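J.: First the structure, which I've put down as structure tokens, then a few questions once you've had a look.
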Amino acid sequence: MISDLKKFLPNEDPESIKNFPFFWVSQVNGKYTQLIEKSIKKLGIDNTKRKIILSTNALGQASITEIANLSTTKLTTTTKAVYRLVDDEIVEVFSSTEDERISMVRLTPKGIALVEQINQISIVTLSGILNSFDEKELSNFNQLLKKLYDLMPSS
């Protein structure tokens with residue numbers, strides 16, 4: 007346990023925000039999102055579509071709700087983006103065999119090719135940053151982030 011949790015929470019001292027872990031999580035996420043959006047612009051997709059494409063790839067085929075959860079996007083946003091991706095022939099939507107009311111999503115061959123392009127752009131864009139850490143640091147960092155994620159209540 008932390009003996010003085012207050013020093014890690016924002017307070018009246020303007021500098022206290024820099025000791026708040028969620029400040030840094032937010033800052034890193036913001037910079038990462040800007041960097042990735044700039045890099046994938048040439049593919050004709052935005053960050054929401056990128057997250058949905060990569061989430062669909064990770065899940066194989068999944069419901070729109072499952073994709074929304076993994077990509078941390080609102081269900082309505084995910085639904086709209088999925089149907090735009092259908093129009094672009096990147097994903098296809100079909101009814102679940104178990105429950106026809108559930109819309110399932112999977113990548114098309116064009117979508118699978120796009121995953122490879124996204125991954126290549128990510129490697130080029132992020133390898134210089136990630137190479138600033140050694141393997142143990144990145145493993146520890148991932149473990150800490152996963153622990154933080156697991157401690158967060160689900161909405």
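Residue numbers (the numbering used here): 7 to 161. All residues carry an ideal CB built from backbone N, CA and C; glycine is no exception. The model shown is predicted, which means the values in this text are computed figures rather than measured ones.
Here's a check: name, in chain order, each residue in its chain whose Cβ is nearer than 6 Å to the Cβ of Gly134, leaving out the five neighbours to either side.
T.: Reading the sequence shown from its first residue, position 128 is the one you call residue 134. Nothing meets the Cβ criterion.
J.: Could you tell me the alpha carbon to alpha carbon distance between Leu41 and Asn53, rounded to whole angstroms?
T.: As a first step, residue 41 must be located in the sequence shown, where it is residue number 35. As a first step, residue 53 must be located in the sequence shown, where it is residue number 47. One C-alpha to the other measures close to 10 Å.
J.: Taking Cβ to Cβ, would you say Val111 is nearer than 8 Å to Ala68?
T.: Walking along the sequence shown from the start, residue 111 turns up at place 105. Walking along the sequence shown from the start, residue 68 turns up at place 62. Taking 8 Å as the Cβ cut-off, Val111 and Ala68 qualify as a contacting pair.
J.: Buried or exposed for Ala64, please, with buried defined as at least 16 other CB atoms from any protein chain shown within 10 angstroms of its CB.
T.: In the sequence shown, the residue the question calls residue 64 occupies position 58. With fewer than 16 Cβ atoms within 10 Å of its Cβ, Ala64 is classed as exposed.
J.: Report the three-state DSSP secondary structure of Arg90 (helix, strand or coil).
T.: What you label residue 90 is simply residue 84 of the sequence shown in a count that begins at 1. Note: Arg90 maps to helix in three-state DSSP.
J.: Under a three-way DSSP split, which group does Ser102 fall into?
T.: Within the sequence shown, the letter at position 96 stands for residue 102. Coil.
J.: Say whether the segment 123-133 touches the segment 42-51, bearing in mind that this needs 3 or more beta-carbon pairs closer than 8 Å, one atom from each stretch.
T.: Yes: at least three Cβ pairs fall under 8 Å.
J.: Which one or two residues does DSSP pair with Val111 in a beta bridge?
T.: Position 105 of the sequence shown holds residue 111. In DSSP, Val111 forms a bridge with Ala68, Val99.
J.: Between which residues of its own chain and Val92 is the CB-CB distance below 8 Å, once the five residues before and five after are set aside?
T.: Sequence index remark: in the sequence shown, residue 92 carries index 86 (1-based). Taken in chain order, the residues that qualify are Glu98, Val99.
J.: How far does the alpha helix (DSSP H) with Phe29 in it reach, from first residue to last?
T.: Taking the first residue of the sequence shown as 1, we reach residue 29 at position 23. Here the alpha helix (DSSP H) through Phe29 covers 27-46.
J.: On the CB-based measure, 16 or more other CB atoms within 10 Å of its CB, does Lys162 come out buried or exposed?
T.: With the chain represented from 7 up to 161, any question about residue 162 goes unanswered, as that position is not in the structure.
J.: Tell me, to the nearest whole angstrom, how far the beta carbon of Lys80 is from that of Ala87; I am working on the premise that it is less than 8 Å.
T.: Along the sequence shown, one-based indexing puts residue 80 at 74. Along the sequence shown, one-based indexing puts residue 87 at 81. Actually they are not in contact, since the Cβ atoms of Lys80 and Ala87 sit about 10 Å apart, beyond 8 Å.
J.: Using the Cα positions of Gln123 and Ile59, report the straight-line distance between them to the nearest angstrom.
T.: Position 117 of the sequence shown, counting from 1, holds the residue named residue 123. Position 53 of the sequence shown, counting from 1, holds the residue named residue 59. Taking the straight line joining both Cα atoms gives about 11 Å.
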